[in-house]
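For reference, the structure discussed in these notes is given below.
Protein chains in written order, with the UniProt record's numbering: chain P, 1 to 453; chain H, 1 to 1056.
What follows is the structure, encoded as structure tokens:
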């Protein structure tokens, strides 16, 4: 009888403890799993560099003509790469794994941080980290939108921006929302807003150049304004950037015989990132435009630092700031000097423009061979700056955007490619300068495709 | 009480007036007299013993008498006798070990006779289970029960309960061993320790397992001792010999054809890019010869000579000769069991060891003890312990490991030279490049597959200890309390030692070697590399349960109420060492902090970090109740409710306690007086209905991330997404209706059971294409459709002859059908449906998974290009044909992906100790996509298909082939169109001979000198082969991506 009661009580106790075990149910199921909610979680998402830094959209570079393919190499590329190479108006990407998806993956990560960070209490002890993390998220979102605009939207012009199609602006983490293309004006305004926030929040010196920083945000703002044709602002932000980071590599210190003479994360690099290495621009396949190669003078160290002679007499690119065959698409001080020089030249401050250009070139020429440009020996400063820009910033994922913005100002740059016995032309300001958005995206979202007729 | 039925089945009664007759008792299996039996007159409380001949005379008795016959080790039978007899009545008692007529189903929570359960169960008894061969439990279940099938549409076949599971994604059923879900490796269980397997199929049967039961439940019951059983000893030993793999799925071009293709591509300049690649990817021997010829280093005559020599080689033949040995496996087991009135016990030990075709060794030792004793009349205690020790060691390189950095090895690859020395073959880099690199300062960079197996040794050691304790206490006559506790501790240590001479080590050291003029700096030290990982598992279960049993007049009430908690912890730690000296086993430190230049491509990279740790905890709490009320043993009403909660991340709280329920009724019709009809011995009807949900953690309501490591750049942790929360996702619910009929005819010579089921799944969760602008990839899990799956399971067992030759047959047939009732999504793009057996069909009324393909318009008679239809017109516009304009409505529907009919047909013939059994299995009415030729894969990675021979080559070929002509440049869309057209969808119908087994039993009564009761020798052939298939493909329709290997075995069993 006694035993019976004891058992009964044991049973009751066990039963009630089961139901009361809230802690038991709240135990974290996997040690490495988390609901992203802390600054540590957010920073960890932003530090996964293979997503955030390594896969910048490359179709701009692949569509620009700094490099070309032989017919044999062209024919052994996939169909969509061949179509992209020849500026077709449809099916220029793999249907699923493509740079549109990569770009918006970064945007989603940034949105996870931006929409979650306000839940993290801002205290005096975490303020620096809090601001830094949020700033990084805005930087990446702004950077990606700007890159997307340079590929899938036409060149910016203030008079048409309100009516031209921009890109879908994903600003939250609800992936069920239908994508809608914002106007160009709204899109650029969003980039500006993001980068302005980033510039305010980020620290001057990052832990590593794989992370964004204040000078990086300034540099990107300068790039943004240059694309928008606002040279005052572009110059101003280049200036702000250079005020923090201004060092240049003296190419005389490099080992030109090396496979890749410029090491990764060098002193010019402000923020490091690289493009998705499509085989149409991979240095092992792509050959450098012979006219471009010929434009370097013999005393210009870039001629040997940047280029390697192939066995067939053509040249390949080896001057990446990644220190490898990967192509650098990040931000560096040389670009800022050139931005400022171009803006100054356009704003009539020719002397200041030449000052920047001379500083850069002094670090590019063999010691003692460079003769500085002066107003006296230069007829067209702007033309000179743009020529030097092309020679300095090749294979940096900038040329495509440059062609677009220069053409809208009347440069009249027409691209031409001859492959497999056929010549393809891309006239200045052609609607094909805005690449077709992947068809799957158009099908599923119902967004308007770029128009080509 | 229930034995009353038996009277009806087993004997005929004769009437007369003489005395000196009675009952002769015989063992039902051996027909030996039972001399230890007693007969009890139930009315008179009188007990009569049997004599040495097993006879009990019934003198001086008359009229109808109820008696019970009992003997130690036998089931007690109750008989109704009309006395006096006019001749001897022969009655057979069944040994306890084989309860032939009564099937006990084990739900894991209770054991109950199948006759009393309303739910749908399939039981695999010990005999059938042992006819199968194999060292693990699950592999023995295929084709022997109508409830289980193996789906091999993916590379790894997955076991499924009753056709299409409602839950997308993980379809594996819950495996329960004795009372609790098994947390360890299932391969740790020894099949010789298995008594029976119960498959719980419908809602009423499985609902007791709650949310985990969504994919069905398989309950494995291990062997145990019995009360009042004389000691039994069983010993067995077996030898299994597997067929060597034929590598049928290499299925590539012949050497001559591959050489032809490579010459063709070389002529087009296809290899120029690869030749100049900075990654220095390897070129095949043929391409290297062609380059040498082009560069003037090899004359035309010698080139054609070398090519001719290569064209005579055959990689499959070479590989089979050099890498395969005879696979074998030995099995031993010994079990001893016994029991008296107060205790029962069972001891088991099993050992097996073997080598596979690659010479990889494995062994396993199983020990088990199970002991139950009664403490007084009310309390019973059980303690059981299992211990498993496993070891394994790697052998030679598997064929699948022999790949290069840019595709398959060419079919003319050879592994030895004319003198039998190991040759190097293509691997990661061009040999001509690595040979000159470093001017001799680097380690040999060649890859010798024949030596590699000796240089790389992977080992695994597993220890698994499981303890079960069970206490039951009779609180009052109808109320019983039980408490179960089980704890399992498993440790798994796996490691790989890469010898200093292994390719892995040489390659890594070379890659990280920094050359600076004459200075050689090895950032990875010379010596071996070793990696080890330890997994520690700890699983604990606690269950308390009240069983209530009461009888009022004709009513029987059975209720159980219980609660349980379960916790599974898994910890993984791994680490590794560089630069191990073979003699001293000392290792050297490496620099993980700094990046080094890769000597091949000049990229900066970090030395692989070999340490990692990871922990996992899964907690569950459940409360459940289950009851059955029956009236007169004829009508039964049952019901169950269960709720579960777990610590799975992100399950929204309103779903945390997800209720599941079921209701059932059954009717034992033959108990009705008006249905007493001689041929029909037993008829029972069952009907159940239940609701279940989905506890799949991947449908979590919160976004979660996984920490992946530490950034080499910032030194801080990095993380990626683990799950994207979808606020629009609804809980998936499945309602299942099951109606069953069980019947036995003609004195049990025919048993027929029919089951009809209908599973209606609301809000079926499926993977759906999503606009990847959302940033979460190209597919997401969405509520895609409402579907209905229904089927009929037929199970027919017959005893065809009863005489000297006994012939029994059993036939299973499962008819299955499903359809889409409502489709919620709007993605209709055809290309989503052509390659997917796991994409829900977007058309209402069609099967849930359909074999769809692009409409095939044959080959163009002029060019041999494949053609499809755009707007009903023949077209070669492949971008449109496979593009978004082609919707599911434009596709050709060939048939369902899941078979409409599956089943098995088994026969057993026995004669005088001989026993022959054979089993056919079949699948009908389904279609699958066969492997086909893709020129992109052929050009880029030498991955072709034998149908290359049948490709279109000239006008007229289109009449008998669908294989498109070879073109250059690569036309990816043209290839995809053919690969996913209806031309490559084929019928999967087939019949196979699953198993043949022949045995002979030496029994003591025949072979008097035998020192034991019985010795059985069994020879067995598993996977005997296909008997018939509908399609004309060279592969087995059930194994399009793998192969079914024949397995021969011989087994000796001794019963003491």
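The beta carbon of each residue, even a glycine, is placed where N, CA and C say it ideally should be.
Computed from a predicted model, the values in this text were never measured in an experiment.
> First and last residue of the alpha helix (DSSP H) that includes residue 60(P)?
Replying inline: Note, residue 60(P): alpha helix (DSSP H), 59-63.
> With 16 as the cutoff for other CB atoms within 10 Å, does residue 582(H) come out buried or exposed?
Replying inline: Answer is exposed; the Cβ neighbour count stays below 16.
>> Quick check on the DSSP output: the beta strand (DSSP E) that includes residue 494(H) runs from which residue to which?
In response: Its beta strand (DSSP E) spans residues 479-498.
> Just reading off the alpha helix (DSSP H) that residue 116(P) is part of, what are its end residues?
Replying inline: Segment 99-116, the alpha helix (DSSP H) holding residue 116(P).
> For residue 107(P), which residues in chain H fall below 7 Å Cβ to Cβ?
Replying inline: Close to residue 107(P), with beta-carbon spacing below 7 Å, are these residues of chain H in chain order: 775.
> Using DSSP with H/G/I as helix, E/B as strand and the rest coil, what is residue 191(P)?
Replying inline: Reduced to three states, the DSSP call for residue 191(P) is helix.
> With respect to the alpha helix (DSSP H) encompassing residue 258(H), which residues constitute its N-terminal and C-terminal limits?
Replying inline: First-last of the alpha helix (DSSP H) with residue 258(H): 255-267.
>> Considering just the uninterrupted stretch of the beta strand (DSSP E) at residue 807(H), what are its terminal residues?
In response: Segment 805-823, the beta strand (DSSP E) holding residue 807(H).
> Are three or more beta carbon pairs between the segment 70-80 of chain P and the segment 242-258 of chain P nearer than 8 Å?
Replying inline: Contact fails between the segment 70-80 of chain P and the segment 242-258 of chain P, because fewer than three Cβ pairs, one in each stretch, are under 8 Å apart.
>> Between 441(P), 360(P) and 390(P), which has its C-alpha nearest residue 66(P)'s C-alpha?
In response: Minimum Cα distance to residue 66(P) is reached at 390(P).
> If you draw a straight line from the C-alpha of residue 456(H) to the C-alpha of residue 184(H), how long is it?
Replying inline: Between residue 456(H) and residue 184(H), the C-alpha separation is close to 27 Å.
>> I need the DSSP call for residue 143(P), collapsed to helix, strand or coil.
In response: Correct three-state label for residue 143(P): helix.
> Given a threshold of 16 other Cβ atoms within 10 Å of its Cβ, counted over all protein chains shown, does residue 947(H) qualify as buried or as exposed?
Replying inline: So residue 947(H) counts as buried.
> What does a CB cutoff of less than 8 Å around residue 264(P) pick up in its chain, not counting 5 residues either side in sequence?
Replying inline: So the qualifying residues of the chain are 272, 321, 322, 323 and 324.
> Who are the near neighbours of residue 137(H) in its chain, counting only those whose CB is closer than 7 Å to its CB and skipping five residues on each side?
Replying inline: Around residue 137(H): 186, 189, 191, 194 and 220.
> Who are the neighbours of residue 100(P) on chain H, taking C-beta pairs under 9 Å?
Replying inline: The CB of residue 100(P) comes closer than 9 Å to the CB of 772 and 773 in chain H, given here in chain order.
>> Determine, for residue 933(H), whether the minimum Cβ-Cβ distance to residues of chain P falls below 8 Å.
In response: Not an interface residue.
> Which residues in chain H sit within 8 Å of residue 48(P), going by Cβ to Cβ distance?
Replying inline: In chain order, 708, 711, 718, 719 and 720 make up the part of chain H whose C-beta sits under 8 Å from the C-beta of residue 48(P).
>> Please confirm whether residue 617(H) has its beta-carbon closer than 8 Å to some beta-carbon of chain P.
In response: Taking Cβ atoms only, chain P reaches closer than 8 Å to residue 617(H), which makes this a yes.
> Apart from the five residues just before and just after residue 534(H), which ones in its own chain have a Cβ nearer than 6 Å to its Cβ?
Replying inline: So the list reads 493 and 573, once near-sequence residues are dropped.
>> Check whether the segment 167-181 of chain P and the segment 144-151 of chain P touch, using three or more Cβ-Cβ pairs below 8 Å as the test.
In response: The answer is yes - the segment 144-151 of chain P touches the segment 167-181 of chain P, with three or more Cβ pairs under 8 Å.
> Would you call the segment 36-45 of chain H and the segment 65-76 of chain H touching, i.e. three or more CB-CB distances under 8 Å?
Replying inline: Output reads yes: the segment 65-76 of chain H touches the segment 36-45 of chain H.
> Of all Cβ atoms in chain H, is any one closer than 8 Å to the Cβ of residue 39(P)?
Replying inline: Taking Cβ atoms only, chain H never reaches closer than 8 Å to residue 39(P), which makes this a no.
> Is it true that the CB of residue 913(H) sits closer than 8 Å to the CB of residue 1001(H)?
Replying inline: Taking 8 Å as the Cβ cut-off, residue 1001(H) and residue 913(H) qualify as a contacting pair.
> When DSSP labels each residue in this structure, what does residue 840(H) get in the three-state scheme?
Replying inline: DSSP places residue 840(H) in coil when its eight states are reduced to three.
> Cα separation between residue 210(P) and residue 48(P)?
Replying inline: Computed Cα separation, rounded: 10 Å.
> Does the distance from the C-beta atom of residue 364(P) to that of residue 298(P) stay below 8 Å?
Replying inline: For residue 364(P) and residue 298(P), no; Cβs fall outside 8 Å.
> Is DSSP giving residue 827(H) helix, strand or coil here?
Replying inline: Residue 827(H) falls in the coil class under three-state DSSP.
>> Are the CB atoms of residue 726(H) and residue 780(H) within a distance shorter than 8 Å?
In response: Yes. Within cutoff.
>> Under 8 Å, Cβ to Cβ, is there at least one residue of chain P near residue 702(H)?
In response: By this cut-off, residue 702(H) is an interface position.
> Pick from 949(H), 995(H) and 854(H): whose alpha carbon is nearest that of residue 908(H)?
Replying inline: Restricting attention to 949(H), 995(H) and 854(H), the CA atom closest to the CA of residue 908(H) is found in 995(H).
> Quick one: what's got a C-beta closer than 8 Å to residue 671(H)'s C-beta in the same chain, skipping five residues either side?
Replying inline: Excluding residues within five positions, the ones whose Cβ falls inside 8 Å are 632, 633 and 634.
> Under three-state DSSP, which class holds residue 35(H)?
Replying inline: Judged by DSSP in its simplified three-state form, residue 35(H) adopts coil rather than helix or strand.
> Between which two residues does the beta strand (DSSP E) harbouring residue 71(H) extend?
Replying inline: Run containing residue 71(H): none; DSSP gives neither H nor E here.
>> Determine, for residue 959(H), whether the minimum Cβ-Cβ distance to residues of chain P falls below 8 Å.
In response: So, not an interface residue.
>> My output table needs one value for residue 337(P): the three-state DSSP class, helix, strand or coil.
In response: Residue state, collapsed to three classes: helix.
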